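J.: Chains as they are written, first to last, in our numbering: chain A, 21 to 312; chain Z, 2 to 345; chain F, 758 to 1013.
Take this structure first; my questions come after.
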């Protein structure tokens, strides 16, 4: 029973980690919480649903198409919602509201387009299952976990080893200085949004296939939980996002079975509030002192 | 080009006129809105107007946090819901009189406000938005799951109507008048607050919190007190709302509903009392007039948020400080008088 | 020596970087003290520590024999310190008058109850505050701008407004971070008169400035920092001839 909860928790936690990385990347370069992140996650899942269930596309076609489309959506979110505000050097709350607006728009567009009722999602990751004692590990779970780990490694490689990743780190440390050093700050920000949206999309697809159903609540709920994960790990830190995602997934899975399933969605928020009370900078976060 | 200039001039003229005659205009407005329920017998109109008054109260409370303090909060509706449940339950289980129930709703919401403010407002920026979003969700989940107290998804039905001096006020007219009284009192209190040293501290925190702290403001304290006041107002009006509609349900108090209030004040004007009125009235009445677009309402709200932030970040009446305009005009007049006197 | 503000052994480390190392300083009541040094010498860090932005790694700051480091920013302001910022930080959405009146909020005796219900006590206090704010604006020559937005002011006036806001906190010690930066010659000359006047009316002033002519003319004593170390302290005349100082400044020019 307990082991089973750990397996389930790690599976769902690894998908949270993917979305949380998206938050951390965007926060890193812009010091901004992207409220549209949850909506992008939901859009990815619904896009696959429409492609596969309505147009009969196969998974190998639908998934790459969705990921690429979501990359484009990430670009549009930045272009429509934030670029102008950045140029005007608008207050941070304006940007926050703007991303919230974009997120709301996407969510409601989906609701109007597809409908608000829960949809059956195709399970294209059905690889049988392994039984160890009383614990059942499904192929889907293994696939999800491995995919997420590989993607996290890929993101870390890009951020820490490649030129574009180093540009991102430079922008996150000092935007003005990065600009003076000849880094195309605008391009870096755009790419960050694209990457975050793609990660959210993949996570949405994996979760959809795991639970085999999707509904229009997923955007808000997962948006909140993954934010809690990012804060727990330390917003802006990649290892923090991964660890935070796994912890939230585990806590939720274990909490739901030992406390009450009704309060399942409240557990992440409880974690969030405890973190803010005890160590607001999170596990790997640094305390920022603002310059005078 | 010419017509735009003309419009601008006309607009400035209107604003200046309003700024110089605030008190008589206020009195006329109050007479009109007080007389309104006696001129119509349409129950639907009265209901929408009463909800509109309640929405303005919530908008004002939210603006205190978002417009004057500069932090986005989703907790408005959570506190409203807490007030509604606390009010309803205190009337039904404890047998409290109406007004006492409203005070009870206010105190309960303020208590929760204190709990949220304690860890969150020590931090800067976006934390409040996220925590209040989560808080809204927790409150909704508790309302759904704590069957014995809240009857969960059934909601609470048959809440007794507002009773004053032993008279049950079931008519829409009487409830409208009570909502109006609440609104007038809340408006006066908030106007006093934002025009005081407290208000100045709030605005300075919004503009640059580090600089405000360096100028001797205990920013954490000010932010907490402000948040709690906002919560208390929401709780009070929530307890009234419960007794007015006589039926409450967890689904009325979600963060998605909170977001609608955010849209209202962004549209009308962050940090502006007349702006809050305008935004709340337009966005309460308009959806009722355009029922056909109901499905697209939230879609439009989403777009509206992006458009307002990009092109009109202050909202329709943002940064419209009537007090300042009035002072400017008086100052100008004084100067011309002095010049005139010197010439003679 | 009857020193008002005594800084002893002040050290500030940021990770591996030592921004200030064992700095000692004394400021007497009614003095104008200048802190000079090349860019990155740790001058603004010193201000940040005195006003409570950073907690020093080591060392103490005593005001009238009472330790003040460790206190919060707003508590230090309430003890009588007020500062201006190198990169002007006015409240952009508030009028010039409100920017100054805001400085008085920390001395307000009105409770939240007074503010909510607009009691006579609050109204009396507000009237006094407004009067005082107008007086301060007049001293700083900003009275004509009182209802304008600070962003619409010329650069030099914005710096003066920062000083006005600092005065409004009822400060006795003003810390001015590059008050003459970006000013033209005329504005600098005006500022020099203003700063001297402030001293004469009882303020103690500590200022950071790159304009040597200004510093030499207005300051009673100077402290010279270089790479976080105090290399010289004394009257402008002594500092001018100090070989270490000449070295530090010449060295800087070579780098450029």
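Think of the CB as a built atom: it goes at the ideal place given N, C-alpha and C, for glycine as much as any other residue.
Since this is a predicted model, take the numbers as computed values, not measurements.
According to DSSP, is residue 237 of chain A helix, strand or coil?
T.: Reduced to three states, the DSSP call for residue 237 of chain A is coil.
J.: Since residue 146 of chain Z meets chain A, which of its residues come closer than 7 Å, beta carbon to beta carbon?
T.: Correct list: 282 and 283.
J.: Starting from residue 867 of chain F, find everything on chain Z with Cβ-Cβ shorter than 9 Å and list it in chain order.
T.: Those are 197, 198 and 199, listed as they occur along chain Z.
J.: Quick one: what does DSSP say residue 336 of chain Z is sitting in, helix, strand or coil?
T.: Here residue 336 of chain Z sits in helix by DSSP.
J.: What residues in the segment 93-111 of chain A have a beta carbon less than 8 Å from any beta carbon of chain Z?
T.: Against chain Z - using a Cβ distance shorter than 8 Å - the residues of the segment 93-111 of chain A are 100, 101, 104, 105, 110 and 111.
J.: Less than 7 Å between C-beta atoms, sequence neighbours within five positions excluded: which residues of the same chain meet that for residue 176 of chain A?
T.: Here the set comprises 258.
J.: Check whether the Cβ of residue 49 of chain Z lies closer than 7 Å to any Cβ atom in chain A.
T.: Closer than 7 Å: no.
J.: List, in order along the chain, the chain Z residues whose C-beta lies closer than 7 Å to that of residue 852 of chain F?
T.: Per Cβ cutoff of 7 Å: 325.
J.: Quick check: is the beta carbon of residue 20 of chain Z nearer than 7 Å to any beta carbon in chain F?
T.: Not one chain F Cβ lies under 7 Å of residue 20 of chain Z.
J.: Which first and last residues belong to the beta strand (DSSP E) in which residue 779 of chain F is found?
T.: Residues 774-785.
J.: In whole angstroms, what is the alpha-carbon distance linking residue 128 of chain Z and residue 136 of chain Z?
T.: Cα to Cα, residue 128 of chain Z sits roughly 12 Å from residue 136 of chain Z.
J.: By the criterion of Cβ-Cβ separation under 8 Å, what are the contact partners of residue 826 of chain F in chain Z?
T.: Going along chain Z, no residue has its Cβ under 8 Å from residue 826 of chain F, so there is no contact; the nearest lies around 15 Å.
J.: Between Z:64, Z:10 and Z:340, which lies nearest to residue 316 of chain Z when the distance is taken from Cα to Cα?
T.: Taking only the C-alpha atoms, the option nearest residue 316 of chain Z is Z:64.
J.: Assign residue 225 of chain Z to one of three DSSP states: helix, strand, or coil.
T.: Looking at residue 225 of chain Z - three-state DSSP - the assignment turns out to be helix.
J.: Using CA coordinates, which residue listed in F:923, F:806, F:850 and F:869 is at the minimum distance from residue 194 of chain Z?
T.: Out of F:923, F:806, F:850 and F:869, F:869 has the C-alpha closest to the C-alpha of residue 194 of chain Z.
J.: Can you list, in chain order, the residues of its chain whose CB lies under 7 Å from that of residue 784 of chain F, leaving out five sequence neighbours each side?
T.: Taken in chain order, the residues that qualify are 760, 761, 762, 790, 961 and 963.
J.: Can you tell me whether residue 9 of chain Z is buried or exposed, with buried defined as 16 or more other CB within 10 angstroms of its CB?
T.: That one is exposed.
J.: Could you say which of A:237, A:254 and A:86 lies nearest to residue 72 of chain A if we only look at CA atoms?
T.: Ranking the options by Cα distance to residue 72 of chain A, first place goes to A:86.
J.: Are the C-beta of residue 124 of chain Z and some C-beta of chain A separated by less than 7 Å?
T.: Yes, its Cβ sits closer than 7 Å to a Cβ of chain A.
J.: Quick one: Cα of residue 299 of chain A to Cα of residue 51 of chain A, how far?
T.: Approximately 19 Å, taken between the alpha carbons.
J.: Give the DSSP-derived three-state secondary structure of residue 272 of chain Z in the structure shown.
T.: If DSSP states are grouped into helix, strand and coil, residue 272 of chain Z belongs with coil.
J.: Which one of A:63, A:275, A:106 and A:277 has the shortest CA to CA distance from residue 94 of chain A?
T.: Considering only alpha carbons, the answer is A:63.
J.: Residue ranges of each beta strand (DSSP E) run of no fewer than 3 residues wholly in the segment 832-860 of chain F, ordered along the chain?
T.: DSSP runs (the beta strand (DSSP E)) wholly in the segment 832-860 of chain F: 838-840.
J.: Taking DSSP's pairing of strands, which residues face residue 152 of chain A in a bridge?
T.: DSSP lists A:155 as partners of residue 152 of chain A.
J.: Can the beta-carbon of residue 834 of chain F be found less than 7 Å from the beta-carbon of residue 926 of chain F?
T.: Contact: yes.
J.: Who are the neighbours of residue 190 of chain Z on chain F, taking C-beta pairs under 8 Å?
T.: Ordered by position in chain F, the residues that pass the 8 Å Cβ test against residue 190 of chain Z are 873 and 874.
J.: Output needed in chain order: residues of the segment 70-84 of chain Z with a Cβ under 9 Å from some Cβ in chain A.
T.: Hits within the stretch, in order: 71, 72 and 73.
J.: Note down, in chain order, all residues in the segment 207-219 of chain Z with a beta-carbon under 8 Å from any beta-carbon belonging to chain F.
T.: Within the segment 207-219 of chain Z, the residues whose Cβ lies closer than 8 Å to some Cβ of chain F are 207, 208, 209, 211, 212, 213, 214, 215, 216, 217, 218 and 219, listed in chain order.
J.: Could you say which of F:828, F:822 and F:799 lies nearest to residue 810 of chain F if we only look at CA atoms?
T.: For the residues F:828, F:822 and F:799, the minimum Cα distance to residue 810 of chain F belongs to F:828.
J.: Any chance you could list the beta strand (DSSP E) runs of at least 3 consecutive residues sitting entirely within the segment 173-231 of chain Z, in chain order?
T.: If we require 3 residues or more, the segment 173-231 of chain Z turns out to have no beta strand (DSSP E) run fully inside it.
J.: Report yes if the C-beta distance between residue 905 of chain F and residue 841 of chain F is below 7 Å; otherwise report no.
T.: Cβ distance not < 7 Å, so residue 905 of chain F and residue 841 of chain F don't count as in contact.
J.: What does the alpha-carbon distance come out to for the pair residue 247 of chain Z and residue 84 of chain Z?
T.: Approximately 14 Å between the Cα atoms of the pair.
J.: Should residue 61 of chain A go down as buried or exposed, given a rule of 16 or more other Cβ atoms within 10 Å for buried?
T.: Buried: at least 16 other Cβ atoms inside 10 Å.
J.: Residue 860 of chain F versus chain Z: which residues are under 7 Å apart at the beta carbon?
T.: Going along chain Z in sequence order, the residues near residue 860 of chain F (Cβ under 7 Å) are 216.
J.: Once DSSP output is grouped into helix, strand and coil, what is the label at residue 188 of chain A?
T.: Three-state result, residue 188 of chain A: helix.
J.: Measure from the C-beta of residue 881 of chain F to each C-beta in chain Z and report whether the shortest distance is under 7 Å.
T.: Output row for residue 881 of chain F: interface = no.
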